[in-house]
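Asks: Top line first, the protein sequences correspond to chains A and B. Take 562 as the starting number for the first sequence in the working numbering and just add one per residue. Take 562 as the starting number for the second sequence in the working numbering and just add one per residue.
There are 2 protein chains.
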Amino acid sequence: MISMKDIALECGVSVATVSKALNGQQDIGEETRQKIAETAERLGYTANSAARALKTNKTFNLGVLFLDPMHGGLAHEFFSTVLDAIRSEAESNGYDITFINRGIGNRETSYLQHCRYRGVDGVIIASADFADPQIIELVNSEIPVVTIDHIFNGNISIISDNTGGMETLTDYIISKGHKKIAFIHGEKTSVTVNRLSGFYRSCEKHGIKIPDEYVREGVFHDPKTCYSITKELLGLKDRPTCIVFPDDYSCIGGINAVWESGLRIPDDISAAGYDGIPLSRIISPELTTWVQNTTELGRRSAARLIEQIQKPKSVILDREIVRGHIQEGASVKDISQLG
Amino acid sequence: MISMKDIALECGVSVATVSKALNGQQDIGEETRQKIAETAERLGYTANSAARALKTNKTFNLGVLFLDPMHGGLAHEFFSTVLDAIRSEAESNGYDITFINRGIGNRETSYLQHCRYRGVDGVIIASADFADPQIIELVNSEIPVVTIDHIFNGNISIISDNTGGMETLTDYIISKGHKKIAFIHGEKTSVTVNRLSGFYRSCEKHGIKIPDEYVREGVFHDPKTCYSITKELLGLKDRPTCIVFPDDYSCIGGINAVWESGLRIPDDISAAGYDGIPLSRIISPELTTWVQNTTELGRRSAARLIEQIQKPKSVILDREIVRGHIQEGASVKDISQLG
DNA sequence: GTTATGTCCTTAATCGTTTAAGCTGCAGGG
DNA sequence: CCCTGCAGCTTAAACGATTAAGGACATAAC
Numbered sequence: 562m563i564s565m566k567d568i569a570l571e572c573g574v575s576v577a578t579v580s581k582a583l584n585g586q587q588d589i590g591e592e593t594r595q596k597i598a599e600t601a602e603r604l605g606y607t608a609n610s611a612a613r614a615l616k617t618n619k620t621f622n623l624g625v626l627f628l629d630p631m632h633g634g635l636a637h638e639f640f641s642t643v644l645d646a647i648r649s650e651a652e653s654n655g656y657d658i659t660f661i662n663r664g665i666g667n668r669e670t671s672y673l674q675h676c677r678y679r680g681v682d683g684v685i686i687a688s689a690d691f692a693d694p695q696i697i698e699l700v701n702s703e704i705p706v707v708t709i710d711h712i713f714n715g716n717i718s719i720i721s722d723n724t725g726g727m728e729t730l731t732d733y734i735i736s737k738g739h740k741k742i743a744f745i746h747g748e749k750t751s752v753t754v755n756r757l758s759g760f761y762r763s764c765e766k767h768g769i770k771i772p773d774e775y776v777r778e779g780v781f782h783d784p785k786t787c788y789s790i791t792k793e794l795l796g797l798k799d800r801p802t803c804i805v806f807p808d809d810y811s812c813i814g815g816i817n818a819v820w821e822s823g824l825r826i827p828d829d830i831s832a833a834g835y836d837g838i839p840l841s842r843i844i845s846p847e848l849t850t851w852v853q854n855t856t857e858l859g860r861r862s863a864a865r866l867i868e869q870i871q872k873p874k875s876v877i878l879d880r881e882i883v884r885g886h887i888q889e890g891a892s893v894k895d896i897s898q899l900g
Numbered sequence: 562m563i564s565m566k567d568i569a570l571e572c573g574v575s576v577a578t579v580s581k582a583l584n585g586q587q588d589i590g591e592e593t594r595q596k597i598a599e600t601a602e603r604l605g606y607t608a609n610s611a612a613r614a615l616k617t618n619k620t621f622n623l624g625v626l627f628l629d630p631m632h633g634g635l636a637h638e639f640f641s642t643v644l645d646a647i648r649s650e651a652e653s654n655g656y657d658i659t660f661i662n663r664g665i666g667n668r669e670t671s672y673l674q675h676c677r678y679r680g681v682d683g684v685i686i687a688s689a690d691f692a693d694p695q696i697i698e699l700v701n702s703e704i705p706v707v708t709i710d711h712i713f714n715g716n717i718s719i720i721s722d723n724t725g726g727m728e729t730l731t732d733y734i735i736s737k738g739h740k741k742i743a744f745i746h747g748e749k750t751s752v753t754v755n756r757l758s759g760f761y762r763s764c765e766k767h768g769i770k771i772p773d774e775y776v777r778e779g780v781f782h783d784p785k786t787c788y789s790i791t792k793e794l795l796g797l798k799d800r801p802t803c804i805v806f807p808d809d810y811s812c813i814g815g816i817n818a819v820w821e822s823g824l825r826i827p828d829d830i831s832a833a834g835y836d837g838i839p840l841s842r843i844i845s846p847e848l849t850t851w852v853q854n855t856t857e858l859g860r861r862s863a864a865r866l867i868e869q870i871q872k873p874k875s876v877i878l879d880r881e882i883v884r885g886h887i888q889e890g891a892s893v894k895d896i897s898q899l900g
């Protein structure tokens with residue numbers, strides 16, 4: 562491998578000069594700089610990130626914590642687009658990303674240890690068990706952290722507007738004349754809590770009372786569970802006219818249950834999802850859903866983290882809310898005409 | 562940060578002793594080793610991967626090249642599960658993974674440069690334009706490379722048995738009585754070529770002649786294109802009784818087209834996908850498809866790469882074929898009974 | 001008693017880069 | 001002609017680890 566030493570030798574200057582020339586320092590003559598740049602190019606020089614990191618204590622590496630309480634992992638289109646946006650924003654700033662796990666070599670360690678071992682400049686916690694002591698430890702460490710969809714005081718959080726999103730979605734459903742709306746939510750994370758409150762807020766606003774039997778706990782990203790719960794809901798004496806699912810993917814299970822019962826969407830019952838993943842637009846009928854701004858969610862968390870790394874003293878706006886938008890789809894029928 | 566120096570100081574030994582003790586070298590007394598291990602633990606020592614990499618020229622980092630000729634990128638369930646398997650296999654061997662792109666800092670460079678900059682020990686090319694000169698350059702470089710689903714002579718390739726898979730799938734469809742089978746394939750990559758040959762092989766074996774108008778070029782992972790092509794196929798005077806799609810995801814487009822035409826799957830026409838992503842099992846009717854062994858594909862490519870890195874002189878079996886299995890689903894109807 | 005053997009440790013060099021501090025020579029001011 | 005200032009370089013130390021080579025001491029062998 563060609564190092565600065567080779568260039569220095571070739572150009573008859575010291576290694577320090579090469580380093581400064583290549584890094585655009587000011588105390589290098591224009592002629593020398595040219596020659597060095599040229600030689601570097603000619604010899605095919607590549608910087609050695611390890612050496613640089615060792616000296617500067619900056620790796621230009623971002624850690625990404627991506628566990629999977631929501632099932633589906635990278636296969637979850639929501640997370641994969643967030644990750645892709647993180648990656649792309651990081652890349653355009655010269656950062657690479659490293660997945661953080663609990664092992665170094667064969668030995669079990671902590672997330673924090675892994676971060677220190679790799680010397681990541683900062684970490685994005687995109688999905689994890691936020692109650693895990695190891696996560697807390699990481700959040701409270703010296704390493705800059707940005708969390709997505711969860712708030713830790715004193716840290717930067719980029720959160721999707723789950724409350725507002727669900728409120729708007731519910732508003733829309735109600736505007737279509739629905740009053741008997743069932744709500745299958747995911748596990749009780751802060752995401753779920755927020756969506757629930759958005760849902761109830763909308764209902765109250767419109768003077769609609771939702772019976773308890775309409776609100777069920779399901780599982781994120783799990784069509785099977787939604788299938789069963791939907792069956793139950795369909796079996797109620799007073800059946801809902803619309804069901805809101807934990808997410809677009811799990812919604813598929815609900816849709817199947819409806820079909821199997823000999824009913825049709827949206828003629829007999831309406832269905833709404835959440836996330837707005839591409840899948841929601843290719844199924845038929847097109848899903849009514851809240852489209853989370855996953856790209857922005859990923860982009861901003863990377864951007865804010867990098868900002869924080871590069872100017873640590875900048876005033877921290879410690880919470881940013883990313884809004885999405887509604888996608889009107891044929892899966893929610895307009896029954897307001899019927900009186 | 563605590564370094565070996567701190568431990569050495571605390572224990573009254575040299576840094577070298579600490580290094581050797583922590584790395585399990587043989588020439589350290591048991592008592593000393595204990596003391597050092599203890600102290601390391603107590604002080605919260607974490608190794609510095611940059612320093613280690615600098616000295617040893619090993620980073621325990623694998624590069625992953627994951628471009629996107631097939632559309633959908635990480636959101637493509639096929640690739641995301643492959644990636645997840647790579648990651649998990651890498652992790653259990655103490656490796657982290659780094660996405661390889663063409664930029665370092667702000668400057669545009671090559672994949673190879675990026676690999677060298679980060680000092681990755683090896684690279685897995687999971688999805689890329691294999692004709693790209695930059696890819697060729699990387700493959701021919703000093704860095705160990707494993708390619709997935711593409712063969713470069715002299716390199717290790719882990720390939721999914723596209724020919725055999727499609728042959729088996731077609732055998733199955735034919736066994737159900739179908740003779741008029743349409744085939745929408747993806748862009749002309751080696752994957753497509755192999756699947757085509759598997760398809761034709763099965764047809765010939767069974768003495769079935771496929772008219773040219775039944776074989777169409779679609780686009781991977783793109784329901785829209787399959788939607789249009791399916792419409793065309795449905796409009797033929799001599800309509801096929803079964804359509805094979807480029808993959809499960811794009812199949813959705815075809816299914817929609819069928820529905821829209823007032824036909825039903827599988828009663829009026831059958832449909833088969835390829836990949837066997839989870840989606841294929843949750844839609845209704847359950848898809849008949851070839852389930853690629855994505856986990857094994859990812860796991861093995863990581864495992865083989867690591868093996869190659871750690872014992873470069875081991876005999877290279879330069880090609881491994883990973884087989885999947887068929888998933889029988891209601892989307893292909895048994896019409897053999899009808900004579 | 002001398003030599004060999006082995007154990008356990010230290011010394012010192014090295015990986016490739018950055019950077020504070022110092023040196024050199026020339027130009028301009030006085 | 002001397003001093004100052006500056007541009008443009010070099011020197012040297014440092015980052016944190018690894019590792020070949022060597023040293024000290026104890027024990028065993030003859």
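Even for Gly, the Cβ is constructed at its ideal location relative to N, Cα and C.
As an exercise, report each continuous alpha helix (DSSP H) stretch of at least 4 residues that is fully enclosed by the region 607-645 of chain B, in chain order.
Replies: List check, alpha helix (DSSP H) in window: 610-617.
Asks: Start and end of the alpha helix (DSSP H) containing residue 871(A)?
Replies: 855-871 is the extent of the alpha helix (DSSP H) around residue 871(A).
Asks: Determine whether the Cβ of residue 612(A) lies closer than 7 angstroms to any Cβ atom of chain B.
Replies: Answer yes: the Cβ-Cβ gap between residue 612(A) and chain B drops below 7 angstroms somewhere.
Asks: Which bits of chain B does residue 713(A) rub up against, with CB to CB less than 9 angstroms?
Replies: Ordered by position in chain B, no residue passes the 9 angstroms Cβ test against residue 713(A), which lies about 22 angstroms from the chain.
Asks: My parser needs the beta strand (DSSP E) runs of 3 or more residues fully inside the region 786-855 of chain B; what are they?
Replies: Listed in chain order, they are 803-805, 831-833 and 850-852.
Asks: Under 8 angstroms by Cβ, that's how I've got residue 625(A) and residue 866(A) pegged, so tell me the actual separation to the nearest angstrom.
Replies: Going by Cβ atoms, the distance from residue 625(A) to residue 866(A) rounds to 10 angstroms, so no, they are not a contact pair.
Asks: Less than 8 angstroms between the CB atoms is what I'm expecting for residue 557(B) and residue 615(A), so what's the real figure, rounded?
Replies: Outside the shown range of chain B (562 to 900) lies residue 557(B), about which nothing can therefore be said.
Asks: Using the rule of at least 16 other Cβ atoms within 10 Å of the residue's Cβ for burial, across every protein chain shown, is residue 675(A) buried or exposed?
Replies: The residue is buried, with at least 16 neighbouring Cβ atoms inside 10 Å.
Asks: Please compile the residues from chain A whose C-beta is within a distance smaller than 9 angstroms of the C-beta of residue 841(B).
Replies: By Cβ distance, chain A contributes nothing, its closest Cβ being about 11 angstroms from residue 841(B), past 9 angstroms.
Asks: Roughly how many angstroms separate the alpha carbons of residue 830(A) and residue 812(A), rounded to a whole number?
Replies: Cα to Cα, the separation comes out at about 13 angstroms.
Asks: Assuming residue 674(B) is part of the beta strand (DSSP E), what are its boundary residues?
Replies: Taken as a continuous stretch (DSSP letters only), residue 674(B) belongs to no beta strand (DSSP E), being part of the alpha helix (DSSP H) at 672-679.
Asks: Would DSSP call residue 692(B) helix, strand or coil?
Replies: Coil at residue 692(B), not helix or strand.
Asks: Could you pull the DSSP bridge partners for residue 746(A) from this structure?
Replies: BP columns for residue 746(A) point to 778(A).
Asks: If we require 4 or more residues per run, which alpha helix (DSSP H) segments fall completely within the region 566-597 of chain A?
Replies: Here the runs fully enclosed are 576-583.
Asks: Quick one: what does DSSP say residue 762(B) is sitting in, helix, strand or coil?
Replies: In the structure shown, residue 762(B) sits in a helix (DSSP, three-state: H, G or I).
Asks: Can you tell me whether residue 669(A) is helix, strand or coil according to DSSP?
Replies: Residue 669(A) falls in the strand class under three-state DSSP.
Asks: Count the other CB atoms within 10 Å of the CB of residue 565(A); is the residue buried (16 or more) or exposed (fewer)?
Replies: The residue in question, residue 565(A), is buried, as its Cβ has 16 or more Cβ neighbours within 10 Å.
Asks: Answer yes or no: do residue 580(A) and residue 679(B) have a C-beta to C-beta separation smaller than 7 angstroms?
Replies: No, the pair does not count as a contact, with Cβ atoms beyond the cut-off.
Asks: Of the residues that make up the region 802-818 of chain B, which ones have a beta carbon closer than 7 angstroms to any beta carbon in chain A?
Replies: For the region 802-818 of chain B, which is checked against every Cβ of chain A, the residues closer than 7 angstroms are 813, 814 and 817.
Asks: Starting from residue 728(A), trace the alpha helix (DSSP H) both ways and give me its first and last residue.
Replies: Taken as a continuous stretch (DSSP letters only), the alpha helix (DSSP H) holding residue 728(A) covers 723-736.
Asks: Please state the DSSP three-state secondary structure of residue 880(B).
Replies: In this structure, residue 880(B) counts as strand in the three-state DSSP scheme.
Asks: Mind checking whether residue 898(B) and residue 850(B) have CB atoms under 7 angstroms apart?
Replies: Cβ atoms of residue 898(B) and residue 850(B): not closer than 7 angstroms.
Asks: Is residue 893(B) helix, strand or coil when you go by DSSP?
Replies: Three-state result, residue 893(B): coil.
Asks: Taking DSSP's pairing of strands, which residues face residue 718(B) in a bridge?
Replies: According to DSSP, which records beta bridges pairwise, residue 718(B) is partnered with 708(B) and 880(B).
Asks: For the beta strand (DSSP E) that contains residue 886(B), what are its first and last residues?
Replies: First-last of the beta strand (DSSP E) with residue 886(B): 886-888.
Asks: Please return the same chain residues whose Cβ sits closer than 6 angstroms to the Cβ of residue 791(A), not counting the five positions on each side in sequence.
Replies: Hits under 6 angstroms: 815 and 818.
Asks: Does the distance from the C-beta atom of residue 833(B) to that of residue 852(B) stay below 7 angstroms?
Replies: Their beta carbons are not under 7 angstroms apart, which means residue 833(B) does not touch residue 852(B) by this criterion.
Asks: Are residue 855(B) and residue 643(B) touching if we call contact CB-CB under 7 angstroms?
Replies: Cβ atoms of residue 855(B) and residue 643(B): closer than 7 angstroms.
Asks: How is residue 686(B) classed by DSSP in three states: helix, strand or coil?
Replies: Strand at residue 686(B).
Asks: So, for residue 727(B): in the same chain, excluding its five sequence neighbours on each side, which residues have a beta-carbon less than 6 angstroms away from its beta-carbon?
Replies: Excluding sequence neighbours, residue 727(B) sits near 756, 759 and 760.
Asks: Give the range of the beta strand (DSSP E) segment to which residue 658(B) is assigned.
Replies: Run containing residue 658(B): 657-660, per the beta strand (DSSP E) assignment.
Asks: How many whole angstroms separate the CB atoms of residue 737(A) and residue 894(A), which I take to be in contact at a CB cut-off of 8 angstroms?
Replies: Their Cβ separation, rounded to whole angstroms, is 7 angstroms, which keeps residue 737(A) and residue 894(A) in contact under 8 angstroms.
Asks: Going by alpha carbons, who is nearest to residue 809(A) out of 572(A), 688(A) and 890(A)?
Replies: It is 890(A).
Asks: Ignore the nearest five residues each way along the sequence and tell me which others in residue 641(A)'s own chain have a CB closer than 8 angstroms to its CB.
Replies: Excluding residues within five positions, the ones whose Cβ falls inside 8 angstroms are 635.
Asks: Within this structure, are the beta carbons of residue 607(A) and residue 682(A) separated by less than 7 angstroms?
Replies: For residue 607(A) and residue 682(A), no; Cβs fall outside 7 angstroms.
Asks: Taking only beta-carbon positions, decide if residue 662(B) is within less than 7 angstroms of chain A.
Replies: At least one chain A Cβ lies under 7 angstroms of residue 662(B).
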